[in-house]
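One structure is given here, and the rest of the page talks about it.
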Amino acid sequence: MDEKLPILKFEQQIVQAMSDHRVVVEAAETDAEKSTEVPAMLLRAKLDQGGMIGVTEPRRIAAMSLALYVAEKQRLRLGRYDHPDLHGDRKHPGYGVVVVDEAHERGVNQDLIMAFLKQLLRRRQNLKAVMVCRHAGFFITLRVLTKTLRRAMKFCVHLTKIT
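Residue numbers (numbering that gives the first Met the number 0): 0 to 162.
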């Protein structure tokens, strides 16, 4: 863990928000290392609830870069990991947390992810979601999403001012 990363000063507050709420919007400035550190915080705090932590990225290059970085940091070999027990087993918890990175970006893929995630959150009461973005204004003004989420579950907007 790189102690010099500014976002790490707020790890306790971020983890607490993620522990207390099923859906958290984590907003901080660009270059705050949200993409790499928020999933790492979930892992360190064991908030995956026995499942996997899924991270979505709106761009292919960003997804590959993040996967390479995480694999290197966790000392894992990047590749495809298949375990026969995971296929077709309805008892397997699957994902415990889904992190939507760059959640403020609009596009067909992001909109589909959000719609699918909203349905999944309704069906799976043990699933958590973290929306990572540069500014939370998008979620505060998006009444359809926030109104539904507030009615269905605890909802938290966590703003981190990093200097």
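For every residue, glycine included, the Cβ atom is placed at its ideal position computed from N, Cα and C.
Between residue i and residue j, is the Cβ-Cβ spacing less than 8 Å?
i	j	result
D110	S34	no
V14	A44	yes
M130	E10	no
L46	V98	no
A163	P5	With the chain running from 0 to 162 in the structure shown, residue 163 is simply not present.
I52	L41	yes
P38	V23	no
E36	L7	yes
For a test of the three-state rule: what should DSSP assign to residue i, helix, strand or coil?
i	result
K127	strand
L141	Note on L141: pLDDT 46, under 50, position unreliable in the model; no value is reported.
E71	helix
E25	strand
In chain order, what residues of the same chain lie with their CB nearer than 6 Å to the CB of residue i, ignoring the 5 residues before and after it?
i	result
P83	Since pLDDT at P83 reaches only 43, below the 50 mark, its modelled position is unreliable, and no value is offered.
Y94	G50, M51, G53
M17	V23, L46
A62	E56
C132	A26, A102, H103
Counting C-beta neighbours from all protein chains within 10 Å, is the total for residue i 16 or more, i.e. buried, or is it exposed?
i	result
R21	buried
H134	exposed
A102	buried
K127	buried
L67	exposed
M113	buried
Q12	exposed
For residue i, I'd like the list of residues in its chain whose CB is within less than 8 Å of its CB, leaving aside the five on either flank, ordered along the chain.
i	result
N108	P57
L167	As displayed, the chain neither begins before 0 nor continues past 162, which places residue 167 out of reach and without an answer.
R76	A70
L165	Missing from the structure shown is residue 165; the chain here goes from 0 to 162 and no further.
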